[in-house]
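> Sharing a structure, written as structure tokens. Questions coming.
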């Protein structure tokens, strides 16, 4: 796959899935805009020739508009998690999470589409989650944002198709990222069990495959969606969950 001449934007690029996606797309020849709050991690990636650092707070929606203009590939990946029952969930935290994981992707795509339409080519790839298709208790903001992202992605797929633009969601289960590793540590303390037992008996209780997904596995799916052979994959939700959602 050769993405020479293409510009990709990856949010949450400092670590985890975003870092893996940025690395993979850069290896394919794309110029990558690395978007994250972690300036040190972005600078380290840039020093390795992975991409161009953009230290942006994605809840500042006007800044989001600026960084997204002129890109050919969008990978909406940035996200956070809060585990809390609905009746105790802080309203300001709920609003922030929806802004980060739904409003910011909307603003990014809105700013990117004119350039994509002009070139008659574009790829919108939204890193959703199994929680974009299924619900879990105590994750109301995350589930709501991801379900919204799924619907938004499908609308973009319909509108973008005549212009050579595809829009899809990738729906991983639990990926080995700093966000998930923190959840594992929290669950281990809460249940008084080893972290290894948390993965198998708590996080992956519904998954037939009892291991975490590696970020590079998600990044490979992202890369495939950018290749010519994927031009007819549009409006899809592609699970990478070890058959969790099939159970």
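Numbering (the working numbering), first residue to last: 25 to 271. Cβ atoms here follow ideal geometry from the backbone N, Cα and C, with glycine treated the same way. Bear in mind the structure is a predicted one, so any value in this text is a computation, not a measurement.
#1: Closer than 7 Å by C-beta to residue 122: which residues in its own chain qualify, once you throw out the five before and the five after it? Chain order, please.
#2: At 3 residues or longer, what runs of the beta strand (DSSP E) sit wholly inside the region 123–178?
#3: Quick one: what's residue 32 bridged to in DSSP?
#4: If you pair each beta-carbon of the region 65–76 with each one of the region 101–109, do three or more pairs fall below 8 Å?
#5: If you run the structure through DSSP and keep just helix, strand and coil, what is residue 76?
#6: Short of 7 Å in beta carbon distance, which residues of its chain neighbour residue 180, apart from the five on each side in sequence? Order them along the chain.
#7: Take residue 212 and list the residues in its own chain whose beta-carbon comes closer than 6 Å to its own, dropping the five residues that flank it on each side.
#8: Ordered along the chain, which non-local residues of its own chain (more than five positions away) have a Cβ less than 6 Å from that of residue 80?
#9: Could you give the residue range of the beta strand (DSSP E) that holds residue 189?
#10: Look at the alpha carbon of residue 151 and the alpha carbon of residue 195, and state the distance between them as a whole number of angstroms.
#11: So, for residue 66: in the same chain, excluding its five sequence neighbours on each side, which residues have a beta-carbon less than 7 Å away from its beta-carbon?
#12: If you draw a straight line from the alpha carbon of residue 186 to that of residue 270, how long is it in whole angstroms?
#13: Spatial neighbours of residue 244 within its chain, please: C-beta separation below 8 Å, excluding the five flanking residues on both sides.
#14: Measuring straight from C-alpha to C-alpha, what distance separates residue 225 and residue 44?
#15: On the DSSP bridge assignment, give the partners of residue 261 in chain order.
#16: With 16 as the cutoff for other CB atoms within 10 Å, does residue 137 come out buried or exposed?
#17: Which residues in the same chain as residue 262 place their Cβ atom closer than 6 Å to its Cβ, once the five residues preceding and following it in sequence are excluded?
#18: For residue 242, count the other beta carbons within 10 Å of its own beta carbon; 16 or more makes it buried, fewer makes it exposed. Which is it?
#19: Could you check what DSSP says for residue 199 in three-state terms: helix, strand or coil?
#20: Taking CB distances under 8 Å as the criterion, tell me whether residue 136 reaches chain B.
#21: What's the C-alpha gap between residue 28 and residue 50?
#22: Would you please state the rounded distance, in angstroms, between the beta carbons of residue 156 and residue 188? I believe it to be under 8 Å.
#23: From the DSSP secondary-structure annotation, give me the bridge partner or partners of residue 237.
#24: Exposed or buried, which one is residue 109 when buried takes at least 16 other CB atoms within 10 Å?
#25: So residue 106 is in the alpha helix (DSSP H); what residue range does that whole segment cover?
According to the structure data:
#1: Here residue 122 refers to the residue found at position 98 of the chain shown. Answer for residue 122: 165, 168, 169, listed in chain order.
#2: 146–151
#3: Position 8 of the chain shown holds residue 32. DSSP, once it has assigned bridges, lists 56, 97 as partnering residue 32.
#4: no
#5: Locating residue 76 in the chain shown gives position 52, where the first residue counts as 1. DSSP places residue 76 in strand when its eight states are reduced to three.
#6: Translated into the one-based positions of the chain shown, residue 180 becomes position 156. The residues are 133, 148, 191.
#7: One-based indexing of the chain shown puts residue 212 at position 188. These residues qualify, in order along the chain: 219, 222.
#8: Taking the first residue of the chain shown as 1, we reach residue 80 at position 56. Counting only Cβ-Cβ distances below 6 Å, and skipping sequence neighbours, we find 59, 87, 91.
#9: Locating residue 189 in the chain shown gives position 165, where the first residue counts as 1. Its beta strand (DSSP E) spans residues 189–196.
#10: Indexing the chain shown from 1 puts residue 151 at position 127. Indexing the chain shown from 1 puts residue 195 at position 171. The alpha-carbon atoms of residue 151 and residue 195 are separated by roughly 7 Å.
#11: Translated into positions along the chain shown, residue 66 becomes position 42. Answer for residue 66: 37, 38, 58, 60, 77, 79, listed in chain order.
#12: Position 162 of the chain shown, counted from the start, is the residue given in the question as residue 186. Position 246 of the chain shown, counted from the start, is the residue given in the question as residue 270. Taking the straight line from one Cα to the other gives about 32 Å.
#13: Taking the first residue of the chain shown as position 1, residue 244 is located at position 220. Around residue 244: 48.
#14: As a position in the chain shown, residue 225 is number 201, starting the count at 1. As a position in the chain shown, residue 44 is number 20, starting the count at 1. The alpha-carbon atoms of residue 225 and residue 44 are separated by roughly 27 Å.
#15: Along the chain shown, read from residue 1 onward, the residue named residue 261 stands at position 237. Answer is 193, bridged to residue 261.
#16: Position 113 of the chain shown, counting from 1, holds the residue named residue 137. The residue in question, residue 137, is buried, as its Cβ has 16 or more Cβ neighbours within 10 Å.
#17: As a working mapping, residue 262 is identified with position 238 in the chain shown. 194, listed in sequence order.
#18: Position 218 of the chain shown, counted from the start, is the residue given in the question as residue 242. Residue 242 comes out buried.
#19: As a position in the chain shown, residue 199 is number 175, starting the count at 1. Correct three-state label for residue 199: strand.
#20: The structure shown contains no chain B; it holds only a single protein chain.
#21: In the chain shown, the residue the question calls residue 28 occupies position 4. In the chain shown, the residue the question calls residue 50 occupies position 26. Between residue 28 and residue 50, the C-alpha separation is close to 9 Å.
#22: Numbered from 1 along the chain shown, position 132 holds the residue referred to as residue 156. Numbered from 1 along the chain shown, position 164 holds the residue referred to as residue 188. Wrong, their Cβ atoms sit about 25 Å apart, outside the cutoff.
#23: For this step, residue 237 is matched to residue 213 along the chain shown. Residue 237 pairs with 199.
#24: Taking the first residue of the chain shown as 1, we reach residue 109 at position 85. Residue 109 is exposed by the Cβ-count criterion.
#25: Here residue 106 is taken as the residue at index 82 of the chain shown, counted from 1. Counting along the chain, residue 106 falls outside any alpha helix (DSSP H), and DSSP gives it neither H nor E.
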